[in-house]
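Notes to accompany the following structure.
There are 2 protein chains.
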Amino acid sequence: MKIKIAGHYTTKIGELWDQGLEDLLAEAVHGSLKNAQLAAEQIEAVFVASKAPGEFNHQLHLNALVSQMFVHYPPAIRVEGACTAGGLALVAAEQALAAKRYKTVMVIGAEKMTDQNALKTTEILSLAADQNQEAGSSFPGLYALLAQAHMQKYGTTREQLSAVAVKNHHQAMKNPQAHFHREFTLEQVSQSSLVADPLRLLDCSTISDGASAVILSTDSSGVEKWRQKPQILGYGHAQDSLSLAGRESLTALKATQKAGKQAYQQAKVKPKEIQIAEVHDCFTIAEIMAIEDLGWFEKGEGGEATLAGKTAEDGQVAVNLSGGLKAFGHPIGTTGIKQVAFLAEQLEQGNYELALAHNVGGSGATAVVHVLAKN
Amino acid sequence: MKIKIAGHYTTKIGELWDQGLEDLLAEAVHGSLKNAQLAAEQIEAVFVASKAPGEFNHQLHLNALVSQMFVHYPPAIRVEGACTAGGLALVAAEQALAAKRYKTVMVIGAEKMTDQNALKTTEILSLAADQNQEAGSSFPGLYALLAQAHMQKYGTTREQLSAVAVKNHHQAMKNPQAHFHREFTLEQVSQSSLVADPLRLLDCSTISDGASAVILSTDSSGVEKWRQKPQILGYGHAQDSLSLAGRESLTALKATQKAGKQAYQQAKVKPKEIQIAEVHDCFTIAEIMAIEDLGWFEKGEGGEATLAGKTAEDGQVAVNLSGGLKAFGHPIGTTGIKQVAFLAEQLEQGNYELALAHNVGGSGATAVVHVLAKN
Chain C
3 MKIKIAGHYT TKIGELWDQG LEDLLAEAVH GSLKNAQLAA EQIEAVFVAS KAPGEFNHQL
63 HLNALVSQMF VHYPPAIRVE GACTAGGLAL VAAEQALAAK RYKTVMVIGA EKMTDQNALK
123 TTEILSLAAD QNQEAGSSFP GLYALLAQAH MQKYGTTREQ LSAVAVKNHH QAMKNPQAHF
183 HREFTLEQVS QSSLVADPLR LLDCSTISDG ASAVILSTDS SGVEKWRQKP QILGYGHAQD
243 SLSLAGRESL TALKATQKAG KQAYQQAKVK PKEIQIAEVH DCFTIAEIMA IEDLGWFEKG
303 EGGEATLAGK TAEDGQVAVN LSGGLKAFGH PIGTTGIKQV AFLAEQLEQG NYELALAHNV
363 GGSGATAVVH VLAKN
Chain R
3 MKIKIAGHYT TKIGELWDQG LEDLLAEAVH GSLKNAQLAA EQIEAVFVAS KAPGEFNHQL
63 HLNALVSQMF VHYPPAIRVE GACTAGGLAL VAAEQALAAK RYKTVMVIGA EKMTDQNALK
123 TTEILSLAAD QNQEAGSSFP GLYALLAQAH MQKYGTTREQ LSAVAVKNHH QAMKNPQAHF
183 HREFTLEQVS QSSLVADPLR LLDCSTISDG ASAVILSTDS SGVEKWRQKP QILGYGHAQD
243 SLSLAGRESL TALKATQKAG KQAYQQAKVK PKEIQIAEVH DCFTIAEIMA IEDLGWFEKG
303 EGGEATLAGK TAEDGQVAVN LSGGLKAFGH PIGTTGIKQV AFLAEQLEQG NYELALAHNV
363 GGSGATAVVH VLAKN
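One line per chain: the protein sequences are C and R, in this order.
Residue 377 is where the first sequence ends in the working numbering, and the numbering goes up by one at each step.
Residue 377 is where the second sequence ends in the working numbering, and the numbering goes up by one at each step.
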């Protein structure tokens with residue numbers, strides 16, 4: 003049974019002062035239906051991803067909120083797993099399709115983060131860390147520890163971290179939906195304000211508003227040109243210790259490695275066959291670890307590979323061509339879904355055959371990896 | 003493919019001042035493993051239900067928190083859908099099993115509500131209503147409207163509402179895990195403090211702490227005595243308008259009716275074949291509507307049937323033998339799971355052949371119904 007991406011839509015990502023959570027969700031519902039050329043009634047179930055709509059927008063029960071945007075109130079489930087909410091909602095949807103309960107479903111993610119001030123937002127984000135063992139830590143602080151460990155073990159440099167940000171901001175220039183359309187030099191990144199040593203402001207991803215939806219279908223009769231649509235070849239979903247204290251290693255995310263292996267195995271694809279990937283660059287160090295953990299570069303060589311342009315559009319593998327979490331943006335629950343939506347569009351345009359999406363929760367306790375094919 | 007309830011465990015429900023959210027989850031993990039006679043490593047995936055752990059306990063990313071209670075970090079997903087979180091987590095787990103991704107999974111729900119004061123708790127609960135159309139309403143207020151409508155249309159009486167509370171408090175006397183072990187007379191319920199006319203204090207379910215887990219398995223080789231374990235025969239999941247303003251009727255929950263029909267159809271069971279049921283009595287009026295909407299009594303006859311004892315232990319159908327949300331308790335994300343855990347135990351004891359669990363979110367926007375068989 004093939005699961006196809008029948009349609010996709012991502013709103014503009016940014017500080018969207020004139021749109022509320024519900025507006026963003028509605029735009030993604032209707033945008034993805036239009037892209038798939040489907041009527042609302044053809045959606046049999048909905049999987050909604052959002053990290054903290056209660057904390058950000060005083061609205062829980064988001065499954066019902068989205069269901070009522072359809073005429074026929076399809077059954078809907080909300081999934082949360084910190085920044086992996088989007089990836090996990092895709093997984094739940096894929097399992098419902100594989101169970102043959104439904105043939106065509108929508109997976110939609112949204113986060114409206116700018117309803118709260120920066121301090122409150124940082125506090126809300128930190129709820130994804132272990133409140134018993136890591137209370138008081140912010141995510142820049144936790145990822146700074148990972149960066150320190152990587153630099154000490156492998157000699158990863160300040161310049162190599164900056165190269166991730168420079169590349170992703172450069173690539174976002176061609177993505178009209180991206181939060182930021184502004185390029186930076188290595189020096190500008192390296193000299194931006196210090197947040198948590200060694201991470202600086204321009205090492206960090208964004209606080210953004212936005213929504214994204216994909217329509218998944220196993221119904222070759224229901225979707226026009228179904229055979230030509232991009233396909234989900236395989237996925238992996240793995241966990242690791244919630245707190246850094248319980249990790250075997252601070253220089254790799256074991257959950258990413260395990261989820262990657264599962265996805266490659268199901269897809270029957272080797273890591274180096276992947277041509278384009280969206281990886282979870284919540285901080286620059288996270289992209290360096292990801293391109294190693296997903297098998298494209300040896301451990302410790304991710305920084306050098308990035309600086310050498312091996313992950314640029316014309317490199318060995320095009321990583322975060324969208325601009326990534328860094329410059330496309332990181333409206334939390336949206337991220338795992340907009341990665342797949344972006345890759346589906348790239349595959350449809352015909353320049354790539356095999357793609358990978360990589361979504362991480364917290365400091366690496368949850369990881370979801372998807373391998374996609376052109377059709 | 004049969005889905006069996008291989009094990010189940012529910013903590014004491016109550017104001018558990020000496021147990022935190024993590025303690026409750028750990029107790030349910032280990033309790034259900036012991037009940038199923040399974041080792042932790044045999045659990046291939048975990049589905050976690052909780053309504054508002056971010057708001058109540060400053061902890062999101064609960065899937066990772068639970069996964070790390072196992073040696074092998076099984077993949078885990080958190081599901082939310084207001085008070086239907088538990089029912090929806092069961093649905094997601096059933097879909098993963100039917101997809102043959104896993105053979106044995108744990109579904110666990112927890113809510114630790116007493117970390118916040120009563121005012122804050124009421125505010126957190128109200129996040130499950132429509133914040134655009136119903137902001138400022140509390141759930142007692144919304145269910146009071148439904149009660150008013152039912153009384154006006156069908157002549158349902160104050161005494162009939164009280165009969166639900168009297169029955170459920172009586173039945174909880176035999177349930178050692180129940181929050182309340184105290185009986186009330188019709189008069190005591192009818193004269194308890196007014197909360198939202200006509201609902202009084204003793205019409206309302208509890209604010210409780212607690213956790214519950216069930217282990218579902220399709221693996222006849224992996225679970226001892228698998229063939230004798232209770233079976234999930236069918237489930238339904240339906241939605242309706244989030245706000246009352248969008249409902250076709252205020253005297254029935256259409257989502258319950260639709261979910262019930264789906265569950266009966268999949269189970270190939272007629273409503274009146276059900277012998278024992280746990281229904282979502284968040285308020286007394288909710289039980290009266292449920293026993294009508296699920297097909298056991300005609301619309302408008304639920305109150306009279308209750309007062310006549312037709313839903314008591316020796317009645318036509320034993321409703322909320324556990325004490326229900328009213329007296330067993332309503333730790334939100336736990337509820338849909340503890341209903342199934344309780345029914346599994348009843349089926350194992352051999353007094354009943356067919357059971358039904360009914361879980362509702364908000365004022366009726368989400369409903370999940372399960373039909374269970376003795377084996």
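Think of the CB as a built atom: it goes at the ideal place given N, C-alpha and C, for glycine as much as any other residue.
Per DSSP, N361 (chain C) is one residue of the beta strand (DSSP E) stretching across 356–363. Around S139 (chain R), the same chain offers S128, A131 as residues with beta carbons nearer than 8 Å, after the five sequence neighbours per side are excluded. Shown here for A346 (chain R): same chain residues with a beta carbon closer than 6 Å to its own, the five before and five after excluded, namely I7, H10, P232 in chain order. Neighbours of A375 (chain R) in chain C, taken as residues whose beta carbon is under 7 Å from its own, are absent, since the nearest beta carbon is some 20 Å off. Under a criterion of Cβ atoms nearer than 9 Å, no residue of chain R is adjacent to V216 (chain C); the nearest Cβ is some 18 Å distant.
Within the segment 277–304 of chain C, the runs of alpha helix (DSSP H) that reach at least 4 residues and sit entirely inside it are, in chain order, 286–295. The C-beta separation of A240 (chain R) from Q267 (chain R) comes to about 12 Å, leaving the pair out of contact by the 8 Å criterion. Per DSSP, the unbroken alpha helix (DSSP H) holding A343 (chain C) starts and ends at 334–350. With contacts defined by Cβ atoms closer than 8 Å, L147 (chain R) and Q70 (chain C) do not form a contacting pair. For the pair V107 (chain C) and L92 (chain C), the CB atoms are not nearer than the 8 Å cut-off. According to the DSSP secondary-structure assignment, Q241 (chain C) is paired through a beta bridge with C:T368. Counting the other CB atoms within 10 Å of its CB gives E300 (chain R) a total below 16, which places it among the exposed residues. By the neighbour-count definition (other C-beta atoms within 10 Å, threshold 16), L144 (chain R) is a buried residue.
Residues are counted here when their Cβ sits less than 7 Å from a Cβ of chain R; for the segment 58–71 of chain C these are H60, Q61, L62, H63, N65, A66, L67, S69, Q70, given in chain order. When secondary structure is reduced to three states using DSSP, R80 (chain R) falls in the strand class. Using a Cβ-Cβ cut-off of 8 Å, E136 (chain C) does not count as an interface residue toward chain R, since no Cβ of chain R sits closer than that to its own. Under the three-state reduction of DSSP, G317 (chain R) is assigned to coil, being neither helix nor strand. Interface with chain C (8 Å Cβ-Cβ cutoff): P76 (chain R) is included. In this structure, S210 (chain R) and H332 (chain R) form a Cβ contact; the two beta carbons are roughly 6 Å apart against a cut-off of 8 Å. Interface residue (Cβ-Cβ distance to chain C less than 8 Å): Q351 (chain R) is not classified as such.
Closest option to V319 (chain C), judged by alpha-carbon separation, among C:L23, C:K340, C:G297, C:T336: C:G297. Interface residue (Cβ-Cβ distance to chain C less than 8 Å): V93 (chain R) is classified as such. In chain order, A42, E43 place their CB closer than 8 Å to the CB of H74 (chain R), counting only its own chain and leaving out the 5 sequence neighbours on each side. Three or more Cβ pairs closer than 8 Å define a contact, and the segment 29–40 of chain R falls short of that threshold against the segment 355–364 of chain R. The criterion of a C-beta distance shorter than 8 Å is not satisfied by G363 (chain C) and G56 (chain C). The Cβ of V81 (chain R) sits closer than 8 Å to at least one Cβ of chain C. Between L349 (chain C) and H282 (chain C) a beta carbon distance of about 20 Å is seen, past the 8 Å cut, so the two are scored as non-contacting.
Judged by their CB atoms, I126 (chain R) and A180 (chain R) are not nearer to each other than the 8 Å cut-off. With fewer than 16 other Cβ atoms inside 10 Å of its own Cβ, T187 (chain C) counts as exposed. Residue burial annotation: L203 (chain C) is exposed, with fewer than 16 other C-beta atoms found within 10 angstroms of its C-beta. Cβ contact annotation for S34 (chain R) (same chain, cutoff 7 Å, sequence separation greater than five): G9, H10, Y11, M108, A215, V216, I217, in chain order.
Any Cβ of chain R closer than 8 Å to the Cβ of E24 (chain C) would place that residue at the interface, and such an atom is present. For Q173 (chain C), the secondary structure class from DSSP, reduced to helix, strand or coil, is helix. Annotation for G326 (chain C): the continuous alpha helix (DSSP H) segment containing it runs 326–329. Within the same chain, and ignoring the five residues on either side of A66 (chain R) in sequence, the residues whose Cβ sits closer than 8 Å to its Cβ are A78. The C-alpha of V373 (chain C) lies about 19 Å from the C-alpha of K102 (chain R).
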